[in-house]
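Colleague: After the structure tokens below, expect a handful of questions from me.
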Amino acid sequence: MTTNPALDAGWVDPPPRQGFFTDTSICIGCKACEVACKQWNDVPDDGMQLLGSSYDNTGALSGSTWRHVAFIEQPVPAVSLGMPKIGLPGQQSGAERTDFRWLMSSDVCKHCTHAACLDVCPTGSLFRTEFGTVVVQEDICNGCGYCVPACPFGVIDKRVGEGVKNEGIAQKCTLCYDRLHDGLTPACAQACPTQSIQFGDLDELRERAAARVEALHDSGVPSARLYGESPDDGVGGLGAFFLLLDEPEVYGLPPDPVVTTRELPQMWKKAGLAAATLLAGAIAVFAGGT
Amino acid sequence: MVPPATFTSYYGRPVLKASPWKDDIPAYLFLGGLAAGSSLLGAGADLTHRPRLRQSSRVAALAAISASMAALVHDLGKPSRFVNMLRVAKPSSPMSMGTWLLTAYGPMVGLAGVAELAPGRLGRLLAPLARPAGLVAALTAPAVASYTAVLLADTATPAWHEAYRELPFVFVGSAAAAAGGLGMLASPVAESGPAQRLAIGGALLELGMERRMERSMGLAAEALHEGKPGRLWRTAERLTALGAVTALGARRSRVLGVLSGAALLTGSACTRFAIFEAGQESARDPRYTVVPQRERVDARQG
Chain A
3 MTTNPALDAG WVDPPPRQGF FTDTSICIGC KACEVACKQW NDVPDDGMQL LGSSYDNTGA
63 LSGSTWRHVA FIEQPVPAVS LGMPKIGLPG QQSGAERTDF RWLMSSDVCK HCTHAACLDV
123 CPTGSLFRTE FGTVVVQEDI CNGCGYCVPA CPFGVIDKRV GEGVKNEGIA QKCTLCYDRL
183 HDGLTPACAQ ACPTQSIQFG DLDELRERAA ARVEALHDSG VPSARLYGES PDDGVGGLGA
243 FFLLLDEPEV YGLPPDPVVT TRELPQMWKK AGLAAATLLA GAIAVFAGGT
Chain B
95 MVPPATFTSY YGRPVLKASP WKDDIPAYLF LGGLAAGSSL LGAGADLTHR PRLRQSSRVA
155 ALAAISASMA ALVHDLGKPS RFVNMLRVAK PSSPMSMGTW LLTAYGPMVG LAGVAELAPG
215 RLGRLLAPLA RPAGLVAALT APAVASYTAV LLADTATPAW HEAYRELPFV FVGSAAAAAG
275 GLGMLASPVA ESGPAQRLAI GGALLELGME RRMERSMGLA AEALHEGKPG RLWRTAERLT
335 ALGAVTALGA RRSRVLGVLS GAALLTGSAC TRFAIFEAGQ ESARDPRYTV VPQRERVDAR
395 QG
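Chains A and B, in that order, give the protein sequences.
Oh and the first sequence: position 223 is 225 in our numbering, straight run, nothing missing.
Oh and the second sequence: position 59 is 153 in our numbering, straight run, nothing missing.
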């Protein structure tokens with residue numbers, strides 16, 4: 003149905019592309035995915051801080067955080083049940099009573115169809131697996147850090163921490179490459195108690211997601227929308243895509259991500275022109291007399 | 095510019111990650127450019143019999159590229175694995191291409207530079223190799239000076255990526271200004287004509303392209319005008335303009351030549367640090383990521 007990046011990377015007869023569909027409408031913010039990921043992948047502790055952002059004390063994806071549950075407490079107009087009005091204790095007179103809703107979403111590496119991290123990696127440490135995912139080979143990465151600013155989602159990062167395993171090396175979600183080889187579900191999806199994180203063949207997940215959005219629209223949740231499911235977006239579609247209940251930037255996701263290497267041919271062309279300009283200039287300054 | 099619309103973010107946190115690169119990288123951008131420009135001056139001086147300019151340029155190129163290599167290795171998370179860069183050659187990775195470029199360029203600069211410095215028998219042994227090595231270095235030098243622009247632009251960092259059209263010209267201009275400046279500083283007035291012309295030409299190219307770049311970058315240009323990168327950017331502009339004007343008198347006065355050279359070298363370094371820091375800042379502030387992308391989405395949806 004869609005392009006298979008494993009084929010593009012030279013795999014012969016690869017298995018179907020594997021991915022995640024994270025349905026945030028049923029996420030309950032339990033963080034079991036964060037814990038399961040840390041546990042299975044032996045990802046080191048990266049400190050405990052109170053960040054003052056609802057129940058999110060994880061902060062962001064990083065070299066030592068491969069799943070991150072975002073929590074947003076959002077005011078929404080109160081639904082009138084037609085009940086007699088009773089003042090709340092401590093309620094300011096005349097103040098509008100508002101309700102609020104939780105938005106919770108477990109973020110992860112998107113395993114892009116066109117992955118900038120992989121494109122720019124100068125050692126070949128980052129590679130495309132037969133499952134169509136993107137994985138760092140930790141024994142090859144030399145910590146140049148180029149993948150970090152290249153990622154349009156701010157996912158991959160160099161691992162920091164004195165003396166921790168793989169310190170200074172770029173790290174991120176592997177979609178549990180080791181478990182996939184044994185036919186197992188990635189640790190986060192396995193641990194998710196509500197099936198908010200669904201794992202499987204990407205084509206099948208896309209169909210499931212389309213049906214889920216339709217069901218939500220029919221049941222009165224018009225704000226439900228898919229993020230990253232389309233192969234026509236700026237990164238060729240995500241291997242790990244989402245169902246969101248608000249704009250992507252509310253969850254800390256870029257609204258219109260583009261793989262930076264899309265413009266690389268023009269960049270090389272400009273650099274070639276600039277180099278020619280410098281060479282011509284250098285010849286001219288010696289041709290011009292004393 | 096229209097003030098940016100309000101935008102939504104997740105607790106004001108960055109969407110992108112700023113590069114983990116430290117001062118090593120902008121220092122390399124400057125030194126690599128200086129080395130490249132100096133290699134061009136050195137080869138030209140060699141072919142046109144300007145021994146003092148040739149000598150100072152070759153030695154400058156050697157010193158600058160040696161310091162560059164040290165900075166590049168030092169910036170790695172695992173410096174001992176530097177050689178892993180040579181496992182692959184990937185056109186999609188400007189850093190990979192740059193590594194191979196430096197692998198070709200560096201040893202040639204080394205040969206030409208060491209030939210100038212080595213005493214006695216070694217010097218005589220290397221002397222016949224100096225010219226061909228210097229010429230090969232000069233032919234690869236323009237690419238060394240310009241590829242670093244692609245290195246920065248080929249990222250999601252807004253102030254680097256959005257500058258991709260003009261940045262290579264800014265960088266080669268800056269390289270020419272720095273190398274020309276050093277040539278005026280280090281060689282006698284009788285031989286510094288080409289250095290003076292390279293310096294002025296480079297400074298004009300840099301200043302002109304910077305104005306164009308500021309207009310084509312959109313919102314990301316603001317990162318070049320605010321805070322620490324803004325101060326560096328303004329300093330770079332003034333020093334480069336001052337250096338170009340002073341260079342006009344460099345053939346009559348050695349003092350003016352030295353002043354001009356110092357201004358141009360400092361200006362070139364400030365340019366590189368300003369652009370580097372602007373990029374870092376543009377990655378840390380979600381405004382630079384969300385506002386232009388939201389505008390694109392809204393425009394598509396009509």
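We put the beta carbon where it would ideally sit given N, CA and C, even for glycine.
Remember, predicted model here, so these are calculated numbers, not experimental data.
1) Give me, in chain order, the residues of the same chain whose beta-carbon lies closer than 7 angstroms to that of A237(B); leave out the 5 immediate sequence neighbours on both sides.
2) Comparing C-alpha positions only, which one of R146(B), A221(B) and A269(B) sits nearest to T279(A)?
3) Using 7 angstroms as the threshold, is the C-beta distance between A206(B) and I159(B) below it?
4) Of the residues that make up the stretch 336-368 of chain B, which ones have a beta carbon closer than 9 angstroms to any beta carbon in chain A?
5) Could you check the C-alpha separation between E2(A) and A62(A) for me, to the nearest Å?
6) Any chance you could list the alpha helix (DSSP H) runs of at least 4 consecutive residues sitting entirely within the stretch 218-264 of chain A, in chain order?
7) Start and end of the beta strand (DSSP E) containing D203(A)?
8) Short of 9 angstroms Cβ to Cβ, which residues in the stretch 252-270 of chain B face chain A?
9) DSSP three-state label for R346(B), please.
10) Excluding the five sequence neighbours on either side, which residues of its own chain have a C-beta within less than 8 angstroms of the C-beta of A211(A), listed in chain order?
11) Starting from E260(B), follow the alpha helix (DSSP H) in both directions and report where the run begins and ends.
12) Classify M3(A) as helix, strand or coil using the three-state DSSP reduction.
13) I think A357(B) touches G351(B), with their Cβ atoms under 8 angstroms apart; what is that distance to the nearest whole Å?
14) Give me the Cα-Cα distance between Y104(B) and E251(A), rounded to the nearest whole angstrom.
15) Say whether the stretch 154-163 of chain A touches the stretch 198-214 of chain A, bearing in mind that this needs 3 or more beta-carbon pairs closer than 8 angstroms, one atom from each stretch.
16) Between the alpha carbons of C114(A) and V137(A), how many angstroms are there, rounded?
17) For D258(A) and R390(B), which I take to be in contact (beta-carbon distance under 8 angstroms), what is that distance rounded to the nearest angstrom?
18) Give the DSSP-derived three-state secondary structure of R378(B) in the structure shown.
19) In the structure shown, what three-state DSSP assignment does M163(B) receive?
20) Just how far apart, CA to CA, sit M95(B) and V109(B)?
21) If you drop the 5 nearest sequence neighbours on each side, which residues of the same chain put their C-beta closer than 6 angstroms to that of T187(A)?
22) Give the list of continuous alpha helix (DSSP H) stretches no shorter than 4 residues that lie fully inside the stretch 208-254 of chain B.
23) Using 10 angstroms around the beta-carbon of R215(B), count the other beta-carbons present and answer buried if the total reaches 16, otherwise exposed.
24) Counting pairs of beta carbons, one from the stretch 288-295 of chain B and one from the stretch 238-258 of chain B, are three or more of them closer than 8 angstroms?
25) With a floor of 4 residues, list each alpha helix (DSSP H) that falls wholly inside the stretch 143-183 of chain A, ordered by position along the chain.
26) Less than 8 angstroms between the CB atoms is what I'm expecting for P7(A) and G134(A), so what's the real figure, rounded?
27) Here's the rule: buried if 16 or more other CB atoms are within 10 angstroms of the residue's CB, otherwise exposed. What is I119(B)?
28) Tell me, to the nearest whole angstrom, how far the beta carbon of A273(A) is from that of V244(B); I am working on the premise that it is less than 8 angstroms.
29) Please identify, using Cβ separations under 7 angstroms, the residues of the stretch 145-174 of chain B that lie next to chain A, in order along the chain.
30) Quick one: what's E70(A) bridged to in DSSP?
31) What residues of chain A sit near A250(B), judged by a beta carbon separation below 7 angstroms?
32) Rounded to the nearest angstrom, how far is the Cβ of A193(A) from that of A38(A), given a contact under 8 angstroms?
33) If contacts are defined as beta-carbon pairs under 8 angstroms, then L180(B) and T193(B) qualify, I think. What distance do you get, rounded to the angstrom?
34) Given that M106(A) touches chain B, what residues does it touch there, using C-beta distances under 9 angstroms?
35) Quick one: what does DSSP say Q42(A) is sitting in, helix, strand or coil?
36) Please state whether DSSP places T383(B) in a helix, a strand or coil.
Modeller: Quick look at the numbers:
1) Here residue 237(B) is taken as the residue at index 143 of the second sequence, counted from 1. Correct list, in chain order: L195.
2) As a working note, residue 279(A) is residue 277 in the first sequence. Closest option to T279(A), Cα to Cα, is A269(B).
3) For the purposes of this step, residue 206(B) is identified with residue 112 of the second sequence, where counting begins at 1. For the purposes of this step, residue 159(B) is identified with residue 65 of the second sequence, where counting begins at 1. Not a contact, by the Cβ cut-off of 7 angstroms.
4) Residues R345.
5) What the structure shows of chain A is the stretch from 3 to 292, and residue 2(A) is not part of that stretch, so it cannot be assessed.
6) none
7) Here residue 203(A) refers to the residue found at position 201 of the first sequence. From DSSP, the beta strand (DSSP E) with D203(A) extends over I199 to D203.
8) W254, H255, Y258, R259, E260, L261, P262, F263, V264, F265, V266, G267, A269 and A270
9) For the purposes of this step, residue 346(B) is identified with residue 252 of the second sequence, where counting begins at 1. In this structure, R346(B) counts as coil in the three-state DSSP scheme.
10) If you number the first sequence from 1, residue 211(A) lands on position 209. Shown here for A211(A): same chain residues with a beta carbon closer than 8 angstroms to its own, the five before and five after excluded, namely F23, D25, L228, E231, F243 and L245 in chain order.
11) Here residue 260(B) is taken as the residue at index 166 of the second sequence, counted from 1. E260(B) -> no alpha helix (DSSP H), and no H or E assigned at all.
12) For this step, residue 3(A) is matched to residue 1 along the first sequence. Reliability fails at M3(A), whose pLDDT of 45 lies under 50, so the model's placement of it is uncertain and the value that follows must be treated cautiously. In this structure, M3(A) counts as coil in the three-state DSSP scheme.
13) For this step, residue 357(B) is matched to residue 263 along the second sequence. For this step, residue 351(B) is matched to residue 257 along the second sequence. Incorrect: roughly 11 angstroms between the Cβ atoms, too far for contact.
14) Taking the first residue of the second sequence as position 1, residue 104(B) is located at position 10. Taking the first residue of the first sequence as position 1, residue 251(A) is located at position 249. So the two alpha carbons sit approximately 7 angstroms from each other.
15) no
16) Locating residue 114(A) in the first sequence gives position 112, counting from the first residue. Locating residue 137(A) in the first sequence gives position 135, counting from the first residue. Those two C-alpha atoms are separated by around 11 angstroms.
17) Translated into the one-based positions of the first sequence, residue 258(A) becomes position 256. Translated into the one-based positions of the second sequence, residue 390(B) becomes position 296. About 5 angstroms separates the two Cβ atoms, so the contact holds.
18) For the purposes of this step, residue 378(B) is identified with residue 284 of the second sequence, where counting begins at 1. R378(B): helix per DSSP, three-state reduction.
19) Along the second sequence, one-based indexing puts residue 163(B) at 69. Residue state, collapsed to three classes: helix.
20) Taking the second sequence and counting its residues from 1, the one referred to as residue 95(B) is at position 1. Taking the second sequence and counting its residues from 1, the one referred to as residue 109(B) is at position 15. Residue placement at M95(B) is poorly supported in this model, since its pLDDT is 49, which falls under 50; the coordinates still yield a value, given next. If you take the alpha carbons of M95(B) and V109(B), they lie about 24 angstroms apart.
21) On the first sequence, position 185 is the one that residue 187(A) refers to. Here the set comprises F201.
22) 214-247
23) For the purposes of this step, residue 215(B) is taken as residue 121 along the second sequence, with counting starting at 1. By the neighbour-count rule (16 or more Cβ atoms within 10 Å), R215(B) is not buried but exposed.
24) no
25) 149-152 and 179-183
26) Within the first sequence, numbered from 1, the residue matching residue 7(A) stands at position 5. Within the first sequence, numbered from 1, the residue matching residue 134(A) stands at position 132. At roughly 5 angstroms, the Cβ-Cβ gap stays under 8 angstroms, so P7(A) and G134(A) are in contact.
27) Indexing the second sequence from 1 puts residue 119(B) at position 25. By the neighbour-count rule (16 or more Cβ atoms within 10 Å), I119(B) is buried.
28) By 1-based counting over the first sequence, the position of residue 273(A) is 271. By 1-based counting over the second sequence, the position of residue 244(B) is 150. Right, the Cβ-Cβ distance comes to about 5 angstroms (below 8 angstroms), so this counts as a contact.
29) L170, G171 and K172
30) Working through the first sequence from its first residue, we reach residue 70(A) at position 68. It is worth fixing the name first, because residue 70(A) is His in this sequence and not Glu. DSSP output for H70(A) lists D109(A) as bridge partner(s).
31) Start at 1 with the first residue of the second sequence, and residue 250(B) comes out as number 156. Simply A118, P151, A152, C153, P154 and T262.
32) As a working note, residue 193(A) is residue 191 in the first sequence. As a working note, residue 38(A) is residue 36 in the first sequence. At roughly 4 angstroms, the Cβ-Cβ gap stays under 8 angstroms, so A193(A) and A38(A) are in contact.
33) Your numbering for residue 180(B) matches position 86 in the second sequence. Your numbering for residue 193(B) matches position 99 in the second sequence. Yes, L180(B) and T193(B) are in contact; Cβ-Cβ is about 7 angstroms, under 8 angstroms.
34) To locate residue 106(A), count along the first sequence from 1; it is residue 104. Residues of chain B whose Cβ lies closer than 9 angstroms to the Cβ of M106(A) do not exist, since the nearest Cβ in that chain is about 12 angstroms away.
35) For the purposes of this step, residue 42(A) is taken as residue 40 along the first sequence, with counting starting at 1. Note that residue 42(A) is Trp in the sequence shown, not Gln. In the structure shown, W42(A) sits in a helix (DSSP, three-state: H, G or I).
36) Looking up residue 383(B) in the second sequence gives position 289. Reduced to three states, the DSSP call for T383(B) is helix.
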